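Participant: Counting from 26, one number per residue, gives the positions in the sequence shown under the working numbering. Cβ atoms here follow ideal geometry from the backbone N, Cα and C, with glycine treated the same way. The structure displayed is predicted, hence computed values, not measured ones.
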Amino acid sequence: GTGASPLNSLKHAGTPWELGLAEAQQTLLLNGLRDRIVVQVDGSMKTGRDVVIAALLGAEEYGFATAPLVVEGCILMRVCHLDTCPVGVATQNPLLRDRFHGQADHVVNFFEFLAQEVREYLAELGFRSLEEAIGHVDVLDVNKAIHHWKADGLDLSPIF
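(1) So glutamate 137 is in the alpha helix (DSSP H); what residue range does that whole segment cover?
(2) Which runs of the beta strand (DSSP E) spanning at least 3 residues fall entirely within the stretch 62 to 142, listed in chain order?
(3) Contact defined as beta carbons within less than 8 Å: I believe histidine 131 pairs with valine 96. What is the distance between those atoms, to the nearest angstrom?
(4) Can you tell me where the alpha helix (DSSP H) with alanine 176 in it begins and where it stops?
(5) Going by DSSP in three states, aspartate 166 sits in which element: helix, strand or coil?
(6) Restricting to Cα atoms, I'd like to know which of Gly160, Leu181, His172 is closest to leucine 53.
(7) Along the chain, where does the alpha helix (DSSP H) that runs through glycine 57 open and close?
(8) Could you check the C-alpha separation between glycine 39 and glycine 45 for me, to the nearest Å?
(9) What residues in its chain sit with their C-beta under 8 Å from that of glutamate 135, if we drop five residues either side in the sequence?
(10) Run the CB neighbour count on glycine 113, radius 10 Å, all protein chains shown included, and call it buried at 16 or more, exposed below.
(11) Report all residues from its chain with a CB closer than 6 Å to the CB of leucine 165; omit the five preceding and five following residues, and keep chain order.
(12) From which residue to which residue does the alpha helix (DSSP H) around alanine 38 run?
(13) Using 10 angstroms around the beta-carbon of tryptophan 174, count the other beta-carbons present and answer buried if the total reaches 16, otherwise exposed.
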């Protein structure tokens, strides 16, 4: 998908990456194909927690798009595809590009903080590296304390 998609589509279309990743991992394992490919996941990944959950579900590569754009100054106008980005992040228009004030150091800082958060979660779970955590869905658990009408009847057993 794209962050430029209509907000309604972002919120209500498709399925969460967690479900697709879990299904892909299980299918690859069942068919003896897991060691033949590298699994990559993306889609609204923002935090180190997202990376660790993705690794536990089987991902080996993690795609980030919107979060680094926001770090660079994106204000989520969702017009990336129109070449009219008002802050110059996603445009080839020279007049709009002059409005861009992002700095590469900001993106570097974002990923350094993200990596630190990943290390903290891994240590908490008893892993020494991200590679060591890949596919260890057994350490994931559902928060049973959440009582919300959207969660009623939600069956997460296919993930585990």
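Facilitator: Let me spell this out:
(1) Per DSSP, glutamate 137 belongs to the alpha helix (DSSP H) from 129 to 150.
(2) 65 to 67, 86 to 88
(3) About 5 Å separates the Cβ atoms of histidine 131 and valine 96, confirming a contact at the 8 Å cut-off.
(4) Per DSSP, alanine 176 is not a residue of any alpha helix (DSSP H), being assigned neither H nor E.
(5) coil
(6) Gly160
(7) From DSSP, glycine 57 is part of no alpha helix (DSSP H); its letter is neither H nor E.
(8) Taking the straight line from one Cα to the other gives about 10 Å.
(9) Note that residue 135 is phenylalanine in the sequence shown here, rather than glutamate. Cβ within range, chain order: Ala92, Pro93, Val96.
(10) buried
(11) Leu81
(12) Note, alanine 38: premise wrong, no alpha helix (DSSP H); not H, not E.
(13) exposed
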